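Notes to accompany the following structure.
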Amino acid sequence: DPIGTCIGMRGSRVTSVTNELAGERVDIIHWSADPAQYVINALAPAEVSSIVVDEDKHSMDVVVDEEQLAMAIGRGGQNVRLASELTGWELNIMSREAAEEKQSSESGKTLALFVEKLDVDEEVAQILVDEGFSTLEEVAYVPLNEMLEIEAFDEDLVNELRNRARNALLTAAIVGEEQVEASAGDLLSLEGMDAETARTLASKGIHTTEDLAELAVDELIDISAMDAERAKQLIMAARAPWFAQG
Numbered sequence: 020d021p022i023g024t025c026i027g028m029r030g031s032r033v034t035s036v037t038n039e040l041a042g043e044r045v046d047i048i049h050w051s052a053d054p055a056q057y058v059i060n061a062l063a064p065a066e067v068s069s070i071v072v073d074e075d076k077h078s079m080d081v082v083v084d085e086e087q088l089a090m091a092i093g094r095g096g097q098n099v100r101l102a103s104e105l106t107g108w109e110l111n112i113m114s115r116e117a118a119e120e121k122q123s124s125e126s127g128k129t130l131a132l133f134v135e136k137l138d139v140d141e142e143v144a145q146i147l148v149d150e151g152f153s154t155l156e157e158v159a160y161v162p163l164n165e166m167l168e169i170e171a172f173d174e175d176l177v178n179e180l181r182n183r184a185r186n187a188l189l190t191a192a193i194v195g196e197e198q199v200e201a202s203a204g205d206l207l208s209l210e211g212m213d214a215e216t217a218r219t220l221a222s223k224g225i226h227t228t229e230d231l232a233e234l235a236v237d238e239l240i241d242i243s244a245m246d247a248e249r250a251k252q253l254i255m256a257a258r259a260p261w262f263a264q265g
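Numbers 20 to 265, taken from my numbering, label the letters of the sequence shown in order.
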């Protein structure tokens, strides 16, 4: 029992640490290699009903019963904030009702996406949603045998869906590349800007000199990994029209 060992008999060990820290409260949390379990441990004594992990966004939707909501969030959001800092994951605490509403909304968006991009009827799209598919990438690249396990689909349909998904992804990539090129062209008009930096900024959503002008130096450094002096020069160059207007 690692937690019991840390606390000590009648709380002797943790009390000693608290005394050394001038009365600061000390919580003992059981570490786990499983991120979801680690979050559950960090939010104790609040009881977690379920967790949905989003690896891409590095976030988790943590579902608790209504009566556990205040305990999980804590006063002023303290509990969830500390648990997030401890585990390194963005945590969204929500009730069962809120989680069901979110899932229903996301399922509806996914259904519409499949209908439009795969050019299928709602019945086929709904089967994909019910089977756990949520992106075009999943339809395009999951192992063929996994899709063949869907009872309502035969091999011809599966191959057609995979081809349509790949074509839709390719089209989106081409359009995105064209948008990046166009944005990079606008940024290249700025004094001191080079093609590689312009493309990097455009790919991160910085499409115009006005977008660049609104950035802080540290934000630009995070996006482009340039040094502070160059970041400052580019931002000031982008802001030059502001001063000219003044």
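All C-beta atoms, glycine included, are put in the ideal place defined by N, C-alpha and C.
Keep in mind that this is a model prediction, so the values were computed, not measured.
#1: Could you give the DSSP three-state label for Glu210: helix, strand or coil?
#2: Using DSSP with H/G/I as helix, E/B as strand and the rest coil, what is Asp230?
#3: Which stretch, first to last residue, makes up the beta strand (DSSP E) that contains Met28?
#4: Can you name the start and end residues of the beta strand (DSSP E) that Ile92 belongs to?
#5: Is the CB-CB distance between Ala65 and Gln97 below 9 Å?
#6: Ends of the beta strand (DSSP E) at Leu110?
#7: Nearest-angstrom Cα distance between Glu196 and Ala203?
#8: So what does DSSP say about Ile70, is it helix, strand or coil?
#9: When DSSP builds the beta bridges, which residues end up paired with Ser222?
#10: State the beta-bridge partners of Asp80 as determined by DSSP.
#11: Count the other C-beta atoms from every protein chain shown that fall within 10 angstroms of the C-beta of Ser103, then say buried if there are 16 or more, exposed otherwise.
#12: Straight-line CA distance for Arg258 to Ala235?
Quick answer:
#1: coil
#2: Correct three-state label for Asp230: helix.
#3: Here Met28 belongs to no beta strand (DSSP E), and DSSP marks it neither H nor E.
#4: Premise fails: Ile92 lies in the alpha helix (DSSP H), Leu88 to Ile92, not in any beta strand (DSSP E).
#5: Contact: no.
#6: Glu109 to Ser114
#7: Cα-Cα distance, rounded: 10 Å.
#8: strand
#9: DSSP, once it has assigned bridges, lists no residue as partnering Ser222.
#10: Val71 and Asn111
#11: Buried is the label assigned to Ser103, since at least 16 other Cβ atoms lie within 10 Å of its Cβ.
#12: 11 Å
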